[in-house]
Each structure stands twice: as C-alpha cells, then as structure tokens.
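Take 0 as the starting number for the sequence shown in numbering that gives the first Met the number 0 and just add one per residue. The C-beta atom is built at its ideal place from N, Cα and C for all residues, glycine as well. All values derive from a computational prediction rather than experimental measurement. Everything on this sheet refers to the single structure shown next.
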Amino acid sequence: MLLQDLRQTWELDSVFPGGSDSKELLAEINWTENEAKELAKKADSFTFSNENFLSLINELQSFSERLSTAGAFIGCLIAQDVKDKKAMALRGRLESVYAAFSNVGSVIDQKLMDISEDAWKDLMSLPEYEHIAFSLNERRVNAKEKLGISEESLINDLAVDGYHAWSTLYDLVVGRISIKVEIDGKEEELSVGQAENKFSSPDRNVRKDTFEKFVQAWDHEGEFCAASLNHIAGFRNEIYKHRGWEETLKEPLAINRMKEETLSAMWEAITSQKEIFVKYLDRKAKLLGLDKLSWYDVDAPLSSANSKMSYDEAAQFIVEHFRTLAPKMADFSEKAFLDGWIEAEDRSGKRPGGFCTGFPTKKETRIFMTFSGTPSNVSTLAHELGHAFHTDVLKEMPYYATNYAMNVAETASTFAEMIVADAAVSNAKTKEEKIALLEDKAQRSVAFFMNIHARFLFETRMYEERKSGQLSVERLCELMEEAQKEAFNGALDEYHPYFWASKLHFYITDVPFYNFPYTFGYLFSAGIYAKAKEEGPSFEEKYIALLQDTGKMEVEELAQKHLGIDVTKQDFWLKGIELAAADVEEFLALTEE
Numbered sequence: 000m001l002l003q004d005l006r007q008t009w010e011l012d013s014v015f016p017g018g019s020d021s022k023e024l025l026a027e028i029n030w031t032e033n034e035a036k037e038l039a040k041k042a043d044s045f046t047f048s049n050e051n052f053l054s055l056i057n058e059l060q061s062f063s064e065r066l067s068t069a070g071a072f073i074g075c076l077i078a079q080d081v082k083d084k085k086a087m088a089l090r091g092r093l094e095s096v097y098a099a100f101s102n103v104g105s106v107i108d109q110k111l112m113d114i115s116e117d118a119w120k121d122l123m124s125l126p127e128y129e130h131i132a133f134s135l136n137e138r139r140v141n142a143k144e145k146l147g148i149s150e151e152s153l154i155n156d157l158a159v160d161g162y163h164a165w166s167t168l169y170d171l172v173v174g175r176i177s178i179k180v181e182i183d184g185k186e187e188e189l190s191v192g193q194a195e196n197k198f199s200s201p202d203r204n205v206r207k208d209t210f211e212k213f214v215q216a217w218d219h220e221g222e223f224c225a226a227s228l229n230h231i232a233g234f235r236n237e238i239y240k241h242r243g244w245e246e247t248l249k250e251p252l253a254i255n256r257m258k259e260e261t262l263s264a265m266w267e268a269i270t271s272q273k274e275i276f277v278k279y280l281d282r283k284a285k286l287l288g289l290d291k292l293s294w295y296d297v298d299a300p301l302s303s304a305n306s307k308m309s310y311d312e313a314a315q316f317i318v319e320h321f322r323t324l325a326p327k328m329a330d331f332s333e334k335a336f337l338d339g340w341i342e343a344e345d346r347s348g349k350r351p352g353g354f355c356t357g358f359p360t361k362k363e364t365r366i367f368m369t370f371s372g373t374p375s376n377v378s379t380l381a382h383e384l385g386h387a388f389h390t391d392v393l394k395e396m397p398y399y400a401t402n403y404a405m406n407v408a409e410t411a412s413t414f415a416e417m418i419v420a421d422a423a424v425s426n427a428k429t430k431e432e433k434i435a436l437l438e439d440k441a442q443r444s445v446a447f448f449m450n451i452h453a454r455f456l457f458e459t460r461m462y463e464e465r466k467s468g469q470l471s472v473e474r475l476c477e478l479m480e481e482a483q484k485e486a487f488n489g490a491l492d493e494y495h496p497y498f499w500a501s502k503l504h505f506y507i508t509d510v511p512f513y514n515f516p517y518t519f520g521y522l523f524s525a526g527i528y529a530k531a532k533e534e535g536p537s538f539e540e541k542y543i544a545l546l547q548d549t550g551k552m553e554v555e556e557l558a559q560k561h562l563g564i565d566v567t568k569q570d571f572w573l574k575g576i577e578l579a580a581a582d583v584e585e586f587l588a589l590t591e592e
C-alpha cells in the first residue's frame, strides 16, 4: 500500500473527546479518585482466601488500566502543548490518585507478606495466575525490603508535592524557553525540541549558533534546574537511607529486573572497545574539515546523501523495510500511520524528544516526536514504532503481565531501528549514500556507547556526591563535562556542560537512572537481530514470544530461554559491539583517501 497524504497530528478524541476540556476525561478522573478510596477500604479489610485474593487482584488490574489510560492521555496533551495549563492541573489531580493508589499497594504488599510460604506457592501454581505469578512474586519480595505501611504511605503522599513536583518543574521550564537564532538571514524563534533538531543541520554556523544560544538559555534557567535535580536526588537518597539500601543502583537494577553483574559486564565490555568509535569521530572531524568535533557536530550530516525525507516518504521507507524481516510489525506500523496514532508535526510549543505511550483500556498506542525529515528523525520514528508493536503484542495479556522493564522495552525499539538502518545500507545506490547511512548507524553507536555512558557516569557520581549536600550549578556542569570527556575518551573539542539541565531523562521520577537500559536494549537487540537475519521472516513468531515473556521474568532468564545466552558475561556484549564496530570499519574503509 502506498502511504501518502498522512496526517502528522495524532488522533486523541477516540480516547477522550475534547482534549483538556473533555467531560469524559473529567468523569474518568473523578471515578479514579473515588475508586482509589474504595480500593483503600477493601485493602484494609482484606482477609485472605483464594477467592478473595483473585477478586482483589482483578480489581487492581482493572483500576490500573483505567488510571494508566487517563495518565497517558494527559501526558499526550502536555507533550503536544507544554502550555496547556488545564492539562497540567488535571495531571496534578491524577498524581494525587497515583499516590493514593501507591498507598493501597503498600497495604496489599503487607498482606502478601502475611500469607504463609506454603499457601503462597499453592496460590501461584493455580492456572489463574499463570501470566502474573512472576509480577506478584516480585511484589512480595520487594515488599520485604521496604519500610512499614505507614512509612511507605507517608513517602507516597509527600512525593506528590515534593519528589514528583520537581519533575513537573522541568516541564514548566521547558515550556517557557524560547531560543532565538538567525538562519539564512532571518531570526527564528525555536522551542527546545526544534533547537535540538538544528544540531543535525548541514550548516556548522547554524549548529554552533544554536548550540551557544541553547546553552545560554539553559544557563539562564540553571538555578531552577539545579534545584529540581538536587531535590529529586535528595529525596531518593533519603528514602534509600531509611530503607537501609546502601547502593544507589539497587532500585534501578530491581526495576530493570537485572543483576549488577550484567550491568558491570556490559559497561566493561563497552569501555574496552571504544577506540574504534574514537577513530570514527576523528574521521568524521576530518571529513568536515575540522581538527576535532564539538558536541554540536556529532550529529552533523556528512553529505547531501543525508537529504531530508518527507513524512510520507519516511513512513513508506519504514514499513517496506519492516516487511523484510517482521511482516506483522509492518502491518501494525501501517495501521498506526493510517489511523493517525503519531504526533509528528514540526511546530513550536511541543515538548522535546520522542516517546510511545499506551491506552490499555483502548488497546491502542500513540507516538510523539517532532519530525523535520532528518535521518535521525526517521530512526526515532522506527524506534517508537518498535515500542508500540511491543505494547500491541501484549494487549491481550493481563495488565500485570504487561509491565515489562525499561531495558527490554528498549530492545524492541532498537530492533526496529536496526531493521530500517541495515536494510537502507544494503539498498544504497551509490557510495556516497552508503557512507551516509553507515555514518548514521555509527552515530547511534556513539549515542549508546558514549553519550549514554556519560549520562550514567554523571548520574551515579551526582547521586553519591548529593549525599554530602546540594550541588551548585557550577559543580553539576563540572560533573557533566568530566563524565562526557571520560565517556567520549576525550574525542571532542567542546562538550555540553548543561546537558544535565536540558535532558528530560534526569528529571523522570517514575524510573530512576533512565539511561543504561537504552544501551542494554541496543546490544541485546543486536543478538536478536542477528538471529532474525539468519532465519528470515519466520523468526518473527519467536521474536513475538520473547516480547510476550518480557513482563514475566528477569532479563538473565529471558536471554537464556529465548537466545541461549548468558548476559552476566562480557562475551555476549562483545559480540554485539563487534556488529557495531563492523559498520564503523566499513565506514572508515569507504572514507579512506
């Protein structure tokens, strides 16, 4: 099917008509507020029996689906218009519901611990719990490591106007930033998301000027951002201290269902293999006529072969390439484009970045990004479609079986990216086009192995230092630049000291350490992609089976079951890095004078 004249704004009215003025949305929020109170009563009075337990779990899952749908919808409203004050007010109400529901969860967790070990094993062996036993077992184990009900409830209540409120401040700061730059003799006023897209402009003057104005804008907001980050980190550190958790990474590792040995093996393997990627950065600098790249040059295009695509062309390109290895993902993506599930319009007032979110009650997803036609935009679009497909293959599962960890979530998205990128290289018509496509792949390897490594190094060190007191704007800039220099092996001439201020991921309070799962997903998907290339489209059923297990086991078991690999050893990670390095080697060979 030819994809053309596609809408670039998403369709949301089928979820709740009327945006932030929606009566249906308001009614749903009212319902969640009242139902949270009813669930609290049921949790308090709960007495264990197999029948009572199943009934309560089903109610909790149903409520979670409705709450998640309302929350995702409001998130979409704010992303499409960061100045939608009505949506922000509704989010505030919903955050109170989340806190109340978390308190219900704390009571339930205590009840789970009161069930004897034998009774629990018998319960989890019943067919009704086949898909959610892992999730319930996980809750029971985690509950044993937390404080009592009253303390955990107090934490949840205080988080609304403390912890999560500092995250909200970031959205307010982003919404008021306007970056004025001169392009082709005209002054343009850009949002943060639009300015970030300029870092892939072919004109270095545009990149440099935008970067300098970008840094100035974040410097102007630095005190607000430093306050937010300090209080987010301080809140987490205090909770960990009271729970007796000595390691800052304990929670992010638990959330990602992975062992510390796995994370260490991954970073050690990457660190040992960075030299080839430094060569790539050096070669790119030479090709651009520079001694060394600066931060704003890393995503710069090398040639006219990196010409822009229209949105329709990008959609056609992605669907066609998906079809070569994953026909069901291609069909799903085609539906997403045709049904208007994607917000891609390049306009001011939008939140920066891209994401995929789901509406469980509707069994649908939506994708958000700002599309300006760059190769990076095409990659982002494929990436988010991978997320959406992952959600789609789980839509008939019980809600508790759909809560997969972020690291395996990034596996699906990166697998989708790899299909598009590799097929594009294979189909390149000219040497120049092939160089441009290989360079785009190399850029993403640098992002996962260097940029994200810098984020991880910064965040671990910042959290450790925060234990001794608040960090100034200047100190945060120092830590950020030190982390970037180390992660990039000193390959750049100029770094981005205010990256800590501008990057949304540092302010996300729902998921701590929103960084290393991306790199995990990138390398884990490399193993999946290798198998897909070996077996062709028939592999997709095995791939879907893997995705359907992502909410049911830890990543070490998932890797062993579906791929027969041990992710706690460097060997696996080195093989994935070799695939990325092979692209760089080919790029270096093709660009040799």
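- Judged by beta-carbon spacing, V407 lies within the 8 Å limit of L557, meaning their Cβ atoms are closer than that value.
- Assigned with DSSP and collapsed to three states, L189 falls in strand.
- Excluding five sequence positions before and after M123, the CB atoms of its chain that fall closer than 6 Å to its own CB belong to A132, given in chain order.
- Taken atom to atom, the span from the alpha-carbon of L546 to that of Y398 is near 15 Å.
- The continuous beta strand (DSSP E) containing E181 extends over residues I178 to I182.
- Beta-carbon to beta-carbon, V103 and L38 are separated by about 5 Å, close enough to satisfy the 8 Å threshold.
- DSSP, reduced to helix, strand and coil, places L248 outside both helices and strands of the structure shown, so it counts as coil.
- With a cutoff of 8 Å on beta-carbon distance, A343 and F321 are scored as not near each other.
- Apart from sequence neighbours up to five positions away, the residues of its chain that approach Y169 with a beta-carbon distance below 8 Å are C224, S227, L503 and Y506, ordered along the chain.
- The beta carbon of E64 is closer than 8 Å to those of P359, T360 and Y398 in its chain, skipping five residues each way along the sequence.
- Of all C-beta pairs linking the stretch 180 to 200 to the stretch 475 to 483, fewer than three are shorter than 8 Å, placing the two stretches out of contact.
- Setting aside the 5 residues that flank it on each side, S309 is surrounded in the same chain by G372, each with a C-beta closer than 8 Å to its C-beta; the list follows chain order.
- Boundaries of the beta strand (DSSP E) harbouring T356: F354 to F358, taken from the DSSP string.
- For I73, the three-state secondary structure derived from DSSP is helix.
- Its chain contains A335, W340, C355, T356, G357, F358, H386, A387, T390 and D391 as the residues whose beta carbon lies nearer than 8 Å to that of T364, once the 5 sequence neighbours on both sides are disregarded; these appear in chain order.
- In this structure, V96 lies near T31, with their beta-carbon atoms less than 8 Å apart.
- Using a Cβ distance threshold of 8 Å, R92 and T590 do not count as a contacting pair.
- Contact annotation: I178 and V205 have beta-carbon atoms that are not nearer than 8 Å.
- K433 is not a Cβ neighbour of A420, given a cutoff of 8 Å.
- Judged by DSSP secondary structure, T323 falls outside any beta strand (DSSP E) and instead within the alpha helix (DSSP H) spanning Y310 to L324.
- Look at S332 here: in three-state DSSP terms it is helix.
- Comparing alpha-carbon positions, the option among K530, W499, E220 and G468 lying closest to E480 turns out to be W499.
- Take V214, set aside five residues on each side of it, and the residues of its chain with a beta-carbon closer than 6 Å to its own are Y497, in chain order.
- Contact between S190 and N402 is ruled out by a C-beta separation of about 32 Å, above the 8 Å threshold.
- Under the criterion of beta carbons closer than 8 Å, E409 and F519 qualify as touching, at roughly 7 Å.
- Taken in chain order, the complete alpha helix (DSSP H) segments of 4 or more residues contained in the stretch 127 to 152 are 132 to 143.
- Membership of D492 in the beta strand (DSSP E) is indicated by the continuous run L491 to E493.
- Per DSSP, the unbroken beta strand (DSSP E) holding E363 starts and ends at E363 to F367.
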